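Step one of this worksheet: look at the structure below.
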Amino acid sequence: MNEVAVARRAERATWVWMGVALLAHTGWGAYPVLARYLQTVSALPSMALLSLGNLIALLVYAPFALRHVDRRVLCSRVIWAFALVVVLRAITNLLAARYTLAIYVQLITLMTPLLVALLSAGLFREALPPFTWPAIGFSFAGSLLMMSGDLGGEGPLFRIGRGDLAGLALALTSALCLAFYMLLVPRAAKQAVSGEAVLLVQLIALTLTTGAISVLLGEDAGRFTAIGASDWAVFGAFVGFVLLGANVGQIAALRRLGAPRVSSTMAWRLIATLALAALLLGERLTSFWQVLGAGIVLVTITIYLSRQRQGVATHEP
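Start counting at 1 in the sequence shown, then tack on 15, and there's your number in the working numbering.
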């Protein structure tokens, strides 16, 4: 009877942490929407936005993290490699949301597991996971459908302007940075670098780097004094729910569930982006083909990541 009770508690705990993982994915799904709103509607300067947001998150997080972080780890080369990749990732991801639709930015981000597989094969001669090439093909087809205009012949085939091309290029660069980040994770694990230490260094590096860039660019930080209550509410959600909440929630879920299980629900991010973009920005899918494309991407990425998780589980001791 005790064994049954323990099993039930373990199952309930798993569902609780899956809920935490979904909340973290929701936060990352909200990221491009909130970032786009703050830059295009609130008209906040990009680097100042990143610097202030990460500074607030750092001030809240540091007192708790420093109790659990071995400060000698902060001298590790790996952790500062993380910091460099994260700075590049954050800057390109934020700017991508400035120039193109939040939906497109999230769409490119969802391709990260495929990029990880290709980079692992190219850089480390690792075998490609099963279903990688079909997943790339289906995801590409779904993406084209999501970016399509009127396929009936009335209007442009694709709703892509010059600004969108710049945003998509930045989003792809950001996804590549995220892929490199994910490749560094196993190397950090070998050096016993905790998720808390990585997040602390990320926040420090982002605050200082983007703050310096903002000063060099001469951004008008006074713009923060001109925004209204709704803008501050979005900024608060950006800092509390994304920069802090999604990061901490992801670290906690990864520790309890493992990366394969947490990443298997990554496609939820696109659903969160679609819902919030429609609500805040009025950006929505307007045709059957776009909805079909979104469905293809969601199903493809979910199946691909689920197969990856099953493969890992099969080879676990």
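Cβ coordinates follow ideal geometry from the N, Cα and C atoms, glycine included. Treat the numbers as computed from the prediction; the structure is a model and nothing was measured.
So residue 175 is in the alpha helix (DSSP H); what residue range does that whole segment cover? Taken as a continuous stretch (DSSP letters only), residue 175 belongs to no alpha helix (DSSP H), as it is neither H nor E.
Rounding to the nearest angstrom, what Cα-Cα distance links residue 300 and residue 313 in this structure? 14 Å
Would you report the Cα separation of residue 32 and residue 181, rounded to the nearest angstrom? 37 Å
By Cβ distance below 7 Å, which residues in the same chain neighbour residue 168 in space, the five residues on each side in sequence not counted? With a pLDDT of 43 at residue 168, under the threshold of 50, the predicted position of this residue should be treated as unreliable, though the coordinate-derived value follows. The answer is none, since no qualifying residue turns up.
C-alpha gap between residue 40 and residue 162, whole angstroms: 23 Å
Taking residue 266 and residue 211 to be in contact with their CB atoms under 8 Å, please state how far apart those CB atoms are, rounded to whole angstroms. 7 Å
Take the Cβ of residue 139 as the centre, count every other Cβ of all protein chains shown within 10 Å, and call the residue buried at 16 or more, exposed below. exposed
Spatial neighbours of residue 187 within its chain, please: C-beta separation below 8 Å, excluding the five flanking residues on both sides. 123
Could you give the DSSP three-state label for residue 56: helix, strand or coil? helix
Output needed for residue 292: all residues of its chain with C-beta closer than 6 Å, excluding positions within five of it in sequence on either side, in chain order. 48, 117, 118, 298
Starting from the N-terminal side, write out each stretch of the alpha helix (DSSP H) that is 4 residues or longer and does not extend beyond the segment 205-233. 210-232
Beta-carbon proximity list for residue 16, same chain, < 6 Å, skipping 5 on both sides: Note that residue 16 scores a pLDDT of 49, beneath 50, so its modelled location is shaky and nothing firm can be said.
Note down, one range per segment and in chain order, each beta strand (DSSP E) of at least 3 residues found wholly within the segment 84-147. none
Suppose you measure from the CA of residue 28 to the CA of residue 262; what does that come to, to the nearest Å? 20 Å
Close-in-space but distant-in-sequence residues of the same chain around residue 129 (CB under 8 Å, 5 per side omitted): 147, 150, 151, 154, 319
Just confirm the distance between the C-beta atoms of residue 232 and residue 62, as a whole number of angstroms; I'd bet it's less than 8 Å. 6 Å
Could you check if residue 195 is buried or exposed, using at least 16 other CB atoms within 10 Å of its CB as the buried criterion? buried
Which residues in the same chain as residue 225 place their Cβ atom closer than 6 Å to its Cβ, once the five residues preceding and following it in sequence are excluded? 62, 65, 66
So residue 44 packs on residue 284, CB below 8 Å; how close in whole Å? 4 Å
DSSP-derived helix/strand/coil call for residue 311: helix
As a quick exercise: from 273, 309, 252, pick the residue whose alpha carbon is nearest that of residue 160. 309
Exposed or buried, residue 113, counting other C-beta atoms within 10 Å across all chains shown (16 or more means buried)? buried
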